[in-house]
Amino acid sequence: MRDALGAVQSVLVLGGNSEIAIAITERLVDLRCRTVVLAVRDPLSPVTATAADALRARGATTVEAVGFDALASESHSGVIDETFARFGDFDLVISAFGVLGDQEMFNNDPAAAAIAASTNFVGAVSSSLAVATRLRAQGHGVLMVITSVAGVRARADNFVYGSTKAGLDAFAQGLGDSLVGSGARVVVVRPGFVHTRMTEGMKPAPFAATSDKIADAVIAGFGKGREIIWAPPILALVFGLLRHLPRSLWRKVSAR
Amino acid sequence: MPPEPGAKLLVPATTELMGWGRTAPTASDLRRPTSAVELQRALPTTSPRGLLARGLGRSYGDAAQNSGGTVIETTDVDAFTIHDSEPGSSTVLVTAEAGASIDRMLHALVPQGLFVPVTPGTRYVTVGGAIAADIHGKNHHHKGSWCQHLESLRLQLADGSVVDVGPERDPDLFWATAGGMGLTGVILEATIRCPRIGSSRLLVDTDRAPDLDSVLELMSSGDHAYDYSVAWIDLMATGKSMGRSVLTRGRFATAEEAAPKTGRDTFAYKAGVIANTPPFIPPGLLNKLSIRAFNELWFRKAPAERRDELQTIPTFFHPLDMVGGWNRIYGPGGFLQWQFVIPFGTEATLTRIIGELSKAGCTSFLAVLKSFGEGNPAPLSFPAAGWTLALDIPTGVPGLGPLLDHLDDLVAEAGGRIYLAKDSRMRAELVGTMYPRLDDWRAVRDRVDPNRVFRSDLARRLGL
Ligand SMILES: Cc1cc2nc3c(=O)[nH]c(=O)nc-3n(C[C@H](O)[C@H](O)[C@H](O)COP(=O)(O)OP(=O)(O)OC[C@H]3O[C@@H](n4cnc5c(N)ncnc54)[C@H](O)[C@@H]3O)c2cc1C
Ligand SMILES: NC(=O)c1ccc[n+]([C@@H]2O[C@H](COP(=O)([O-])OP(=O)(O)OC[C@H]3O[C@@H](n4cnc5c(N)ncnc54)[C@H](OP(=O)(O)O)[C@@H]3O)[C@@H](O)[C@H]2O)c1
Chain A
1 MRDALGAVQS VLVLGGNSEI AIAITERLVD LRCRTVVLAV RDPLSPVTAT AADALRARGA
61 TTVEAVGFDA LASESHSGVI DETFARFGDF DLVISAFGVL GDQEMFNNDP AAAAIAASTN
121 FVGAVSSSLA VATRLRAQGH GVLMVITSVA GVRARADNFV YGSTKAGLDA FAQGLGDSLV
181 GSGARVVVVR PGFVHTRMTE GMKPAPFAAT SDKIADAVIA GFGKGREIIW APPILALVFG
241 LLRHLPRSLW RKVSAR
Chain B
1 MPPEPGAKLL VPATTELMGW GRTAPTASDL RRPTSAVELQ RALPTTSPRG LLARGLGRSY
61 GDAAQNSGGT VIETTDVDAF TIHDSEPGSS TVLVTAEAGA SIDRMLHALV PQGLFVPVTP
121 GTRYVTVGGA IAADIHGKNH HHKGSWCQHL ESLRLQLADG SVVDVGPERD PDLFWATAGG
181 MGLTGVILEA TIRCPRIGSS RLLVDTDRAP DLDSVLELMS SGDHAYDYSV AWIDLMATGK
241 SMGRSVLTRG RFATAEEAAP KTGRDTFAYK AGVIANTPPF IPPGLLNKLS IRAFNELWFR
301 KAPAERRDEL QTIPTFFHPL DMVGGWNRIY GPGGFLQWQF VIPFGTEATL TRIIGELSKA
361 GCTSFLAVLK SFGEGNPAPL SFPAAGWTLA LDIPTGVPGL GPLLDHLDDL VAEAGGRIYL
421 AKDSRMRAEL VGTMYPRLDD WRAVRDRVDP NRVFRSDLAR RLGL
């Protein structure tokens with residue numbers, strides 16, 4: 001159960017190799033989380049094994065990997081139901097999977113763009129709805145959806161990714177509103193640029209942060225019961241301004 | 001055809017419930033039976049996530065919640081009977097349904113020269129909640145806790161059967177239900193021995209103690225002479241004033257002693273809400289500054305020493321009840337109460353804990369300090385001979401989680417424990433250490449409820 005100060009005892013991570021999600025989960029384990037299930041494409045991968053070992057070393061007692069592919073929407077209800085049946089209640093489900101892709105490449109390969117959109121948006125829709133059904137039934141629990149500041153305002157150089165996150169952000173907010181009164185909650189996390197595998201080799205955007213910094217902000221916001229968590233928190237202010245810039249100005253600013 | 005009386009019970013209404021601290025809401029199928037007959041229809045249940053009884057929701061955390069399952073609110077099942085008694089007898093038997101509140105009972109009892117054997121700091125608790133938490137009051141050092149004053153209780157078990165148990169009748173089940181947090185069955189009613197009182201006033205002595213050592217000394221040397229004793233301690237005071245307190249102790253006045261206030265109406269009793277908390281509270285209304293100022297004012301206002309002051313029952317026992325819905329002043333983030341007891345002889349730990357709380361500048365209104373008498377046979381009952389401290393803290397205090405985890409460790413090391421009725425955050429790992437007879441309790445629970453029909457969020461969180 002989630003306690004009065006926001007600490008949880010069990011976490012399911014969809015996209016369980018995500019560096020951001022692992023950093024968040026490590027902190028939750030430090031606080032008292034004992035059950036962690038990592039839902040990943042390849043449960044036997046060494047990346048997952050390493051993350052699992054690290055979580056065990058910090059005090060988690062049950063750390064398991066289960067198979068999950070965001071692109072296989074038709075399987076989501078089954079996977080989620082099985083996972084809840086096997087491990088019991090989850091106090092927190094983090095939806096962390098996603099692909100960034102490359103806008104240039106998408107421009108030349110529209111089908112690849114569609115796959116990215118399917119992963120980030122379609123896969124999140126089907127898996128989140130399956131999770132919501134379970135949370136509703138257990139009468140408690142939080143679904144944490146990682147979107148992005150890229151979805152707050154689409155940019156010319158990554159609008160496929162940005163628009164998937166915009167869609168996801170809207171979806172997650174609506175889902176959260178639909179769950180009011182059910183005991184279940186949705187928390188939207190909007191990170192800025194984070195140094196992870198996803199952004200390796202890219203030029204950092206302003207306010208770039210490590211996944212540890214992002215995780216600290218998420219834990220702080222989560223403990224306070226925030227429904228939307230900007231990470232780092234300064235981005236709430238920054239994007240509060242940027243989203244209102246005239247479009248001509250935004251084009252210049254976002255082109256950097 | 002008129003609707004079947006129990007029809008309302010069949011319509012599940014998903015409702016979010018919280019404890020008094022307003023922290024971790026979860027949803028249940030909430031039912032509110034209006035009679036004892038209807039109450040009993042709730043069992044056996046087909047709910048896959050079990051069932052739990054709930055009283056007035058005055059436990060601070062998640063003890064009276066059952067996420068995804070059924071919750072039976074008993075507050076409309078609240079009849080009680082004051083039995084005939086021998087004229088000279090010191091107690092009178094009262095049989096009360098589980099949902100009867102101490103508030104309602106006092107309105108009937110006090111005018112007849114009777115009182116409840118034990119009252120908590122609020123009169124808005126039900127008989128069921130009083131038993132399930134085995135509540136204590138300011139007289140614990142003489143009278144023990146609530147369940148020590150029961151003749152018997154009637155319990156409905158998971159299969160729907162009803163049993164009467166008492167200290168002599170299936171004592172294992174009786175004592176497992178006392179402090180058992182609703183997990184052995186639904187308490188339907190209980191028969192309580194209620195003491196006679198000389199008047200509806202208390203004769204109260206107040207002593208202001210400049211620091212922790214002096215208040216402990218005052219309590220150790222003088223509590224036995226008073227029926228009721230409690231100290232309010234200012235946890236925001238630091239340095240030489242650390243632990244400064246106001247100790248109030250007393251007993252019920254005789255009719256003669258009370259006469260200057262009551263006149264001939266010896267048992268006059270008026271208790272009500274004199275103010276309500278406004279609906280909108282700005283977050284952060286209670287901050288370090290406002291609370292520190294309040295504590296300072298309160299300490300200075302108290303007399304250094306006052307004797308034989310006549311006080312009413314609400315003023316002496318239930319001052320917080322004068323403000324309706326005061327738990328909302330902590331704003332949307334809610335608050336928690338941390339209450340522990342540690343054995344006599346571990347005063348060094350007590351000093352250390354209070355020191356750490358003061359140092360952390362932990363925003364807290366007055367905390368309550370009391371010395372307990374011996375515990376009772378109930379494996380999960382909270383009180384045990386020693387010092388108990390209870391404090392309310394807003395959840396927004398930075399670093400609160402790790403601080404309390406650390407203090408829990410100190411409590412456990414000293415052989416103490418945390419009060420489950422107040423808990424909303426302790427680590428499951430510590431329950432077995434703090435309640436060394438947990439397995440005895442589990443054995444009884446497994447006997448009467450092998451399929452775990454009775455479940456609560458507290459039980460889930462702590463793995464009871
Ligand atoms: C301002 C304030 C001051 C307090 N002071 C004290 C104090 O001085 N001493 C003290 O001991 N406590 C104190 N308490 C705590 C309070 O006495 C307990 O939490 C008590 O259990 C609350 O009773 P309730 O009817 O509100 O029960 P709830 O909070 O609704 O339920 C508490 C527990 O009782 C169980 N329960 C309720 N009814 C039944 C039933 N019919 N059958 C089986 N189980 C049942 C529930 O399942 C739950 O586990 C205080 C609380 C407040 C808010
Ligand atoms: N890094 C940033 O700057 C940034 C900024 C804002 C938002 N975000 C968002 O934060 C989340 C986590 O990202 P991250 O930075 O931690 O990157 P990451 O480490 O690359 O994590 C993304 C994860 O998504 C998984 N994934 C991709 N496609 C999948 C599929 N079809 N099925 C299942 N899993 C799939 C990947 O799994 P594999 O290990 O199997 O590849 C990877 O572990 C993502 O949603 C991302 O969009 C990141």
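Residue numbers (the UniProt record's numbering), protein chains in the order written: chain A, 1 to 256; chain B, 1 to 464. We put the beta carbon where it would ideally sit given N, CA and C, even for glycine. A quick note: this is a predicted structure, and the numbers were derived from the prediction, not measured.
Within its chain, find whatever has a CB closer than 8 Å to the CB of B/R452; leave out the 5 residues flanking it on each side and keep chain order.
G50
Report yes or no: do the stretch 240 to 250 of chain B and the stretch 201 to 216 of chain B share at least 3 C-beta pairs separated by less than 8 Å?
yes
Three-state secondary structure (DSSP) at A/A4?
coil
Return the CA-CA distance between A/M105 and A/I115, expressed in angstroms with no decimal places.
12 Å
Need the endpoints of the alpha helix (DSSP H) that B/P394 sits in, please.
Segment 386 to 394 is the beta strand (DSSP E) holding B/P394; no alpha helix (DSSP H) there.
Does B/S358 get closer than 8 Å to chain A when you measure Cβ to Cβ?
no
Run the CB neighbour count on B/P394, radius 10 Å, all protein chains shown included, and call it buried at 16 or more, exposed below.
buried
I want to know whether the stretch 115 to 124 of chain A touches the stretch 63 to 74 of chain A - three or more CB-CB distances under 8 Å.
yes
Reducing DSSP to helix, strand and coil, say where B/I135 ends up.
coil
6 Å CB neighbourhood of B/V163 in its chain, flanking five on each side removed
L155
With which residues is B/E309 paired in a DSSP beta bridge?
B/V204
Sequence-distant residues of the same chain with beta carbon closer than 6 Å to A/A215, five excluded per side:
A23, I24, R27
Taking buried to mean at least 16 other C-beta atoms within 10 Å of its own C-beta, is B/G99 buried or exposed?
buried
Residues bridged to B/F80 [DSSP beta-bridge criterion]:
B/A96
Have a look at B/F267, B/S145, B/R427, B/A63 and flag the residue whose alpha-carbon is nearest the alpha-carbon of A/R32.
B/R427
Based on DSSP bridge pairs, tell me the residues matched to A/H195.
A/T210
Secondary structure at B/R452, three-state DSSP: helix, strand or coil?
coil
Using a 10 Å radius around the Cβ and a threshold of 16 neighbouring Cβ atoms, would you call B/P33 buried or exposed?
buried
Quick check: the Cα distance between A/P110 and A/F159, rounded to an integer number of angstroms?
13 Å
Where does the unbroken alpha helix (DSSP H) through B/E257 begin, and where does it stop?
255 to 262
Proximity below 8 Å, CB of B/S35 to CB of B/T70:
no
Considering Cα atoms alone, identify which of B/R437, B/D213, B/R307 is closest to B/L350.
B/D213
C-beta atoms of B/Y228 and B/N139 nearer than 8 Å
yes
In whole angstroms, what is the alpha-carbon distance linking B/A231 and B/V215?
8 Å
Among A/A52, A/L100, A/S128, A/T61, which one has its Cα closest to the Cα of A/G78?
A/S128
Chain-ordered neighbours of A/A128 on chain B, where CB pairs are closer than 9 Å:
The question names Ala, yet the displayed sequence has Ser at residue 128 of chain A. Those do not exist, as A/S128 stays about 18 Å from chain B at its closest Cβ, beyond 9 Å.
Burial state of A/V180, where buried means 16 or more other Cβ atoms lie within 10 Å:
exposed
Can you list, in chain order, the residues of its chain whose CB lies under 7 Å from that of B/R455, leaving out five sequence neighbours each side?
R49, G50, L52, N66, G69
Evaluate the contact criterion for the stretch 391 to 408 of chain B versus the stretch 334 to 351 of chain B: three or more CB pairs, one atom per stretch, below 8 Å.
yes
Measuring only the C-alpha atoms, how far is B/R306 from B/F316?
15 Å
Assign A/M144 to one of three DSSP states: helix, strand, or coil.
strand
Could you tell me whether the Cβ atoms of residue 257 of chain A and A/P43 are closer together than 8 Å?
Residue numbering for chain A in the displayed model covers 1 to 256; residue 257 of chain A lies beyond these limits and cannot be assessed.
Please list, in chain order, all residues of the same chain as B/E296 whose beta carbon is under 6 Å from its beta carbon, the five residues on each side excluded.
none
Any beta carbon from chain B within less than 8 Å of A/R27's own beta carbon?
no
With 7 Å as the limit, tell me which residues of the stretch 130 to 150 of chain A have their beta carbon closer than that to any beta carbon of chain B; keep them in chain order.
A137, Q138, G139, H140
Which value, in whole angstroms, describes the spacing of the CA atoms of B/A443 and B/L389?
30 Å
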